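Student: So that we are looking at the same thing, I have put the structure below in structure tokens.
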Amino acid sequence: MKVTIRPATTEDRPTIEAASRQTWDEHRDRQPYAFAENGWDYGLKRAHEMAFRDPKAMPVGESGNLYVADAGGQVVGFVLLSWHARPDVSEGSDGSIFDIWVHPDWRGKGVGRNLVDIAREVSEQKDWDSLTADVWTGAPSAELFEIAGFTPMQVRWRIGPDRAARPIEPREKPTRNEGDSWWKWAVLIVLMGLLVAVVAGG
Numbered sequence: 035m036k037v038t039i040r041p042a043t044t045e046d047r048p049t050i051e052a053a054s055r056q057t058w059d060e061h062r063d064r065q066p067y068a069f070a071e072n073g074w075d076y077g078l079k080r081a082h083e084m085a086f087r088d089p090k091a092m093p094v095g096e097s098g099n100l101y102v103a104d105a106g107g108q109v110v111g112f113v114l115l116s117w118h119a120r121p122d123v124s125e126g127s128d129g130s131i132f133d134i135w136v137h138p139d140w141r142g143k144g145v146g147r148n149l150v151d152i153a154r155e156v157s158e159q160k161d162w163d164s165l166t167a168d169v170w171t172g173a174p175s176a177e178l179f180e181i182a183g184f185t186p187m188q189v190r191w192r193i194g195p196d197r198a199a200r201p202i203e204p205r206e207k208p209t210r211n212e213g214d215s216w217w218k219w220a221v222l223i224v225l226m227g228l229l230v231a232v233v234a235g236g
């Protein structure tokens, strides 16, 4: 069956997000100290949601930075690129592959390579200095990137307890203290008054 690479649509989102979450859980099983149980909700989930928003955060039906591998209407893979891969946002000098997945039944059949190729095409169109991807030890995508011509930039070493990562705590929005801003306005008014006096006297 022929596989087509196309922009992801909102109809593809449930499959894509379920696969992304499953991949996160698989990484967590291999390296529980590196992946918080709720980490997907505070990281990749937002990136996937933003893939279906325009620069004004309005919903769009088709993504500009998330592509799927479609086999007869079935999503068998996807690649999520950094936000500035979109044609409707300002340019950046570098790009990243944030998330990539191929259905287990379709691995070894060129689907992953086709997804990486579309990422490289976008990189060339955008004239990025580099296209990068972070790969965790044990992830099946390591071989994919090596075959596609990517080269390692650095090795990250770790030492620490072999326990599960702590859950990510949501950040509280800072409360605005209305009582302490009056003096800023007072200083601004005094400075403006001095400026007017200098200009008028000069």
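Start counting the sequence shown at 35; every next residue gets the next number (my numbering). Cβ atoms here follow ideal geometry from the backbone N, Cα and C, with glycine treated the same way. All figures in this text were calculated on a predicted structure; none of them were measured in a lab.
Spatial neighbours of ASN72 within its chain, please: CB distance less than 8 Å, with the 5 preceding and 5 following residues excluded, ordered by chain position.
Tutor: Here residue 72 refers to the residue found at position 38 when the sequence shown is read from its first residue. PRO201 and ILE202, listed in sequence order.
Student: Quick one: Cα of ARG47 to Cα of ASP161, how far?
Tutor: Position 13 of the sequence shown holds residue 47. Position 127 of the sequence shown holds residue 161. Their backbone Cα atoms lie some 29 Å apart in a straight line.
Student: In the structure shown, what three-state DSSP assignment does VAL150 receive?
Tutor: Within the sequence shown, numbered from 1, the residue matching residue 150 stands at position 116. In this structure, VAL150 counts as helix in the three-state DSSP scheme.
Student: Could you say which of ARG62, LEU114 and TRP170 lies nearest to ARG190 if we only look at CA atoms?
Tutor: Within the sequence shown, numbered from 1, the residue matching residue 190 stands at position 156. The shortest C-alpha separation from ARG190 is found at TRP170.
Student: Does DSSP classify ALA42 as helix, strand or coil?
Tutor: Here residue 42 is taken as the residue at index 8 of the sequence shown, counted from 1. Three-state result, ALA42: strand.
Student: Please give me, in chain order, every unbroken run of the beta strand (DSSP E) with length at least 3 that falls completely inside the segment 69-153.
Tutor: Whole beta strand (DSSP E) segments, 3+ residues: 96-105, 108-115 and 128-136.
Student: Going by the beta-carbon positions, is the gap between SER130 and ALA167 smaller than 8 Å?
Tutor: Along the sequence shown, one-based indexing puts residue 130 at 96. Along the sequence shown, one-based indexing puts residue 167 at 133. Yes; because the gap between Cβ atoms is below 8 Å, this pair is in contact.
Student: Do you know how far the Cα of ASP122 is from the Cα of GLN56?
Tutor: On the sequence shown, residue 56 is found 22 positions in, with the first residue counted as 1. On the sequence shown, residue 122 is found 88 positions in, with the first residue counted as 1. C-alpha separation (whole angstroms): 30 Å.
Student: Should ILE50 go down as buried or exposed, given a rule of 16 or more other Cβ atoms within 10 Å for buried?
Tutor: Taking the sequence shown and counting its residues from 1, the one referred to as residue 50 is at position 16. It is buried - the Cβ of ILE50 has at least 16 other Cβ atoms within 10 Å.
Student: If you follow the beta strand (DSSP E) that THR166 is part of, which residue opens it and which one closes it?
Tutor: Position 132 of the sequence shown, counted from the start, is the residue given in the question as residue 166. Residues 164-167.
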